[in-house]
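Participant: First residue of the sequence shown: 81, per the numbering used here; consecutive thereafter.
Idealized CB from N, CA, C, for every residue including glycine.
Being a predicted model, the structure only gives us computed values, none of them experimental.
First the structure, then my questions, so here it is.
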Amino acid sequence: MESENNIQNRILQSKILLKVPTDIVWEMWENPEHIANWWGPNGFTNTIHKMDFKEEGEWNLTMHGPDGKNYPNRSIFKEIIPLRKIVFEHFNPHFITTVLFESENSETILDWTLLFDSEEMFDIIVKAHKADQGQKENIEKLEKYLSEFISK
């Protein structure tokens, strides 16, 4: 079994309290029409080609960067526990994403973790490509989208 220290050197984790009920936050993740509107760092838009939201289902999307470049993404959903947990395996670069949803009164604690295969891959993706800033911006976009969604 891997040591806790080894794992800590390979994860990017964000935890936030969203002032929205869990069922609405969950809907933002499971519905491709919603996720396309908030996924990715600032300046990115998305085209969802396929999102088979079930265990072993495939998720293919293209992120369109503000620089005009396209970034194809492919993932496989590994575990889905409705209103509680989503785990997916992302390819190229390879990492495992775990998103936990915890209901707290009428709010949601969202715990979002990326586990990389090695410290070297963590360094490349997080430090060189600033994935930590990208994830922060992604969460901010989710918050903004949720705010707009519930005010409709």
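Which residue from S186, K216, K210, Y151 puts its Cα closest to that of N172?
Facilitator: One-based indexing of the sequence shown puts residue 172 at position 92. When each option's Cα is compared against that of N172, the closest is Y151.
Participant: Comparing C-alpha positions only, which one of Q93, N111, G137, I87 sits nearest to A211?
Facilitator: Mapped onto the sequence shown, residue 211 falls at position 131. Ranking the options by Cα distance to A211, first place goes to Q93.
Participant: Quick check on DSSP: helix, strand or coil for E184?
Facilitator: On the sequence shown, position 104 is the one that residue 184 refers to. Note: E184 maps to strand in three-state DSSP.
Participant: If contacts are defined as beta-carbon pairs under 8 Å, then E228 and N122 qualify, I think. What distance do you get, rounded to the angstrom?
Facilitator: Here residue 228 refers to the residue found at position 148 of the sequence shown. Here residue 122 refers to the residue found at position 42 of the sequence shown. Actually they do not touch by this definition, with Cβ atoms about 16 Å apart.
Participant: With DSSP run on the structure shown, which of helix, strand or coil describes H129?
Facilitator: Within the sequence shown, the letter at position 49 stands for residue 129. If DSSP states are grouped into helix, strand and coil, H129 belongs with the strands.
Participant: Under the three-state reduction of DSSP, which class applies to K134: helix, strand or coil?
Facilitator: If you number the sequence shown from 1, residue 134 lands on position 54. Three-state result, K134: coil.
Participant: Quick one: Cα of S55 to Cα of L98, how far?
Facilitator: Look at the range of the chain in this structure, 81 to 232, and you will see that residue 55 is not part of it.
Participant: How is W118 classed by DSSP in three states: helix, strand or coil?
Facilitator: Position 38 of the sequence shown, counted from the first residue, corresponds to residue 118. Helix.
Participant: Would a check of beta-carbon distances place T178 closer than 8 Å to chain B?
Facilitator: Included in the structure is just one protein chain, with no chain B present.
Participant: Do D103 and L163 have their C-beta atoms within less than 8 Å of each other?
Facilitator: Taking the first residue of the sequence shown as position 1, residue 103 is located at position 23. Taking the first residue of the sequence shown as position 1, residue 163 is located at position 83. Yes, Cβ-Cβ distance for D103 and L163 is below 8 Å.
Participant: Three or more beta-carbon pairs under 8 Å between the segment 190-198 and the segment 172-181, yes or no?
Facilitator: Contact between the segment 190-198 and the segment 172-181 is present, because at least three Cβ pairs lie under 8 Å.
Participant: Mark Q215 as exposed unless 16 or more other C-beta atoms lie within 10 angstroms of its C-beta, in which case mark it buried.
Facilitator: The sequence position of residue 215 within the sequence shown is 135, counting from 1. Buried, by the Cβ-count rule.
Participant: Would you report the Cα separation of M143 and I87, rounded to the nearest angstrom?
Facilitator: Here residue 143 refers to the residue found at position 63 when the sequence shown is read from its first residue. Here residue 87 refers to the residue found at position 7 when the sequence shown is read from its first residue. Approximately 28 Å, taken between the alpha carbons.
Participant: For a test of the three-state rule: what should DSSP assign to P152, helix, strand or coil?
Facilitator: By one-based count along the sequence shown, residue 152 stands at place 72. Strand at P152.
Participant: How should G120 be labelled, buried or exposed, when 16 other C-beta atoms within 10 angstroms of its C-beta is the threshold for buried?
Facilitator: In the sequence shown, residue 120 corresponds to position 40, counting from 1. Counting Cβ neighbours within 10 Å, G120 comes out buried, since at least 16 surround it.
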